[in-house]
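Residue numbers (this note's numbering): 1385 to 1662.
Everything on this sheet refers to the single structure shown next.
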Amino acid sequence: MNFPRRWGRIGGRYFGYRPDNLITNRRFMTNFLHQSIKTGNPAMNSLIQRLLPPFTTALFFLAACSAPHVDLQSGDRIIFLGDSITMQGDQPGGYVTIVRDTLTIRHPDLGLEIIGVGIGGNKVPDLQERLHRDVLSRRPNIVFVYIGINDVWHSIKPQGGTPRDRYEAGLRSILDRITGSGARAVLCTPSVIGERYDGTNPLDTMLDEYAAASRRVARELEIPLLDLRKAFIRYLRDHNVDNLENGILTHDGVHLGDAGNRLVAEQVLKALGERSIR
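Shown next as structure tokens:
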């Protein structure tokens, strides 16, 4: 079944992240199926209407169990929005640079544009303030939002963090504005503040709560989620055999080293339907 490409750009999430991938939205899929198989029998129509929601919910659950996937299209402009992790990620060896170089080599014919707009110290309210200037004004097709570390970390610093309710509301606003512009959004959970994998980093509990808030927002808005927190913990369990505070994926417990940049780049590429760079 082929749909006009513009359908995939009206309201972003309402038509999924591929124009023909209707399973990504339960409400749309339910209504679509109901209209498609409506009969002339009112009793049968009533039965269909009762059965479709759990059926499409089950389909959505199966789809959600797979990795997020945002298909690349010719001429896509991809923006990475975030804090100092993304700012440094746009430097040589950084995750944005790795993604840019990999996609340029693999898809020279697509004419992709990869832009990093990370600013050190940024929190969710900062992204809200500069979203139009740094992102929406550039008319992106895909936006990765990687934020949350400073919202937690700065809670023990003079500048202060972001209360969780404001963090969650801010994420909703950012993602609504991105998808409302017609772009596709991918939300990343905050990764680590300290590399001990056993939950003994001082801010682990708080960071887990904020990562859970990110997951909740992505689920409720039906936005693809890149769960970097889980990916980092999984990697650290396998590779941080001495349970060190840093030096495995980061050089200071927060900012990415070579392995960290590579891990994030691989997760991003998977979200774009690309094979591993290993």
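No residue lacks a Cβ here, since even glycine has one placed at the ideal position from N, Cα and C.
**Request:** Quick one: grab the DSSP three-state call for L1609.
**Result:** DSSP, read as helix, strand or coil, puts L1609 in strand.
**Item:** Separation of L1591 from V1601, as counted between CA atoms
**Value:** When rounded, the separation of the alpha-carbon atoms in V1601 and L1591 is 15 Å.
**Asked** Looking only at its own chain, which residues have a Cβ that is under 8 Å from the Cβ of M1471, when we skip the five neighbours before and after it?
**Response** Cβ neighbours of M1471 beyond the five flanking positions: G1500, G1502, I1503 and G1504.
**Prompt:** If you draw a straight line from the C-alpha of L1446 to the C-alpha of R1603, how long is it?
**Reply:** The predicted position of L1446 is uncertain, since its pLDDT is 46 and thus under 50; a value taken from the coordinates is nonetheless stated next. Cα to Cα, the separation comes out at about 13 Å.
**Prompt:** Which whole-angstrom value describes the C-beta separation of V1376 and L1465, a residue pair presumed to lie in contact below a C-beta threshold of 8 Å?
**Reply:** Here the chain covers residues 1385 to 1662 and nothing more, so residue 1376 does not appear.
**Asked** DSSP state of A1595, grouped into three classes?
**Response** A1595 falls in the helix class under three-state DSSP.
**Short Cβ contact (8 Å threshold) for E1579 with N1630** = Going by C-beta atoms, E1579 is nearer than 8 Å to N1630.
**Item:** Sequence-distant residues of its chain with Cβ nearer than 8 Å to C1449 (five each side left out)
**Value:** With a pLDDT of 42 at C1449, under the threshold of 50, the modelled position of that residue is not reliable, and no figure is offered here.
**Prompt:** Quick check: the segment 1454–1465 against the segment 1480–1500, are there 3 or more CB pairs under 8 Å?
**Reply:** Yes, since at least three Cβ pairs between the segment 1454–1465 and the segment 1480–1500 fall closer than 8 Å, the two stretches touch.
**Message:** Using DSSP's beta-bridge definition, name the partner residues of E1497.
**Reply:** DSSP, once it has assigned bridges, lists R1461 as partnering E1497.
**Asked** Is H1623 near the ligand FAD, in the sense that its beta carbon is under 7 Å from a heavy atom of that ligand?
**Response** Questions concerning the ligand FAD fall outside what the structure shown contains, since it holds no ligand whatsoever.
**Request:** Taking all protein chains shown into account, decide if G1583 is buried (16 or more other Cβ within 10 angstroms of its Cβ) or exposed.
**Result:** Counting every other CB atom within 10 Å of its CB across the protein chains shown gives G1583 a total below 16, marking it as exposed.
**Item:** Check whether H1639 and I1469 have beta carbons under 8 Å apart
**Value:** Yes, these two residues count as a Cβ contact at 8 Å.
**Message:** Considering only the alpha carbon of each residue, which of D1485, S1598 and D1611 lies closest to A1553?
**Reply:** Residue S1598 is the option with its Cα nearest to A1553.
**Asked** If L1609 and L1571 are in contact, beta carbons under 8 Å, what's the gap, nearest whole angstrom?
**Response** In this structure L1609 is in contact with L1571, their Cβ atoms being roughly 6 Å apart against a cut-off of 8 Å.
**Asked** So, do the segment 1511–1528 and the segment 1555–1571 have three or more beta carbon pairs nearer to each other than 8 Å?
**Response** Touching, yes, given that three or more Cβ pairs across the two stretches are closer than 8 Å.
**Prompt:** Do you know how far the Cα of V1483 is from the Cα of V1652?
**Reply:** Spanning the two alpha carbons is a distance of roughly 8 Å.
**Prompt:** What's the gap between the Cα of P1542 and the Cα of V1536?
**Reply:** Their backbone Cα atoms lie some 13 Å apart in a straight line.
**Item:** Those residues which DSSP pairs with V1570 across a bridge
**Value:** The partner list for V1570 (beta bridge, DSSP) reads F1528.
**Asked** Got a sec? Which residues, its chain only, sit under 7 Å from G1641 by beta carbon, not counting five neighbours each side?
**Response** Excluding positions up to five away in sequence, the list reads L1633, T1634 and H1635.
**Proximity below 8 Å, CB of A1615 to CB of L1647** = Taking 8 Å as the Cβ cut-off, A1615 and L1647 qualify as a contacting pair.
**Item:** Residues near H1329 in its chain [Cβ-Cβ closer than 6 Å; skip 5 each side]
**Value:** Nothing about residue 1329 can be read from this structure; the chain reaches only from 1385 to 1662.
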